[in-house]
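Chemist: Under my numbering, the first residue of the sequence shown carries the number 34, and numbering increases by one thereafter.
Don't be surprised by glycine CBs; every beta carbon is placed ideally from N, CA and C.
Got a structure for you, written out below as structure tokens; questions coming shortly.
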Amino acid sequence: MTYQIFKRKWWKDNPEYDDGLEPHTGKKKDITTVETLEEAKDYCQKWNASHTEGRYGEKAEFVEIK
Numbered sequence: 034m035t036y037q038i039f040k041r042k043w044w045k046d047n048p049e050y051d052d053g054l055e056p057h058t059g060k061k062k063d064i065t066t067v068e069t070l071e072e073a074k075d076y077c078q079k080w081n082a083s084h085t086e087g088r089y090g091e092k093a094e095f096v097e098i099k
């Protein structure tokens, strides 16, 4: 199997919301591909631990592509 690792944001600005943020599934931005499920899990865990989510909740995720 092959897995595509990507990042995306989970919030967007909207002043009509109390905290100024509206739930929003952002566009996927590819980071890399890996060959195993274990590699995909490990990569995302390490990426998320080394990057702050920031205001928009950006996180790394993965999907199986083959």
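Under a three-way DSSP split, which group does Y76 fall into?
Modeler: As a first step, residue 76 is located in the sequence shown; it is residue number 43 there, counting from the start. If DSSP states are grouped into helix, strand and coil, Y76 belongs with the helices.
Chemist: For I38 versus T65, is the C-beta distance shorter than 8 Å?
Modeler: In the sequence shown, the residue the question calls residue 38 occupies position 5. In the sequence shown, the residue the question calls residue 65 occupies position 32. In this structure, T65 lies closer than 8 Å to I38 by Cβ.
Chemist: Does the Cβ of Y50 have 16 or more other Cβ atoms within 10 Å, making it buried, or fewer, making it exposed?
Modeler: Translated into the one-based positions of the sequence shown, residue 50 becomes position 17. Looking at its Cβ environment, which holds fewer than 16 other Cβ atoms inside 10 Å, Y50 is exposed.
Chemist: Using the rule of at least 16 other Cβ atoms within 10 Å of the residue's Cβ for burial, across every protein chain shown, is A82 buried or exposed?
Modeler: Counting from one through the sequence shown, the residue named residue 82 turns up at place 49. Under this definition A82 is an exposed residue.
Chemist: Hey, quick one: how far does the beta strand (DSSP E) through E55 stretch, first residue to last?
Modeler: The count along the sequence shown starts at 1 and reaches residue 55 at position 22. The continuous beta strand (DSSP E) containing E55 extends over residues 54-56.
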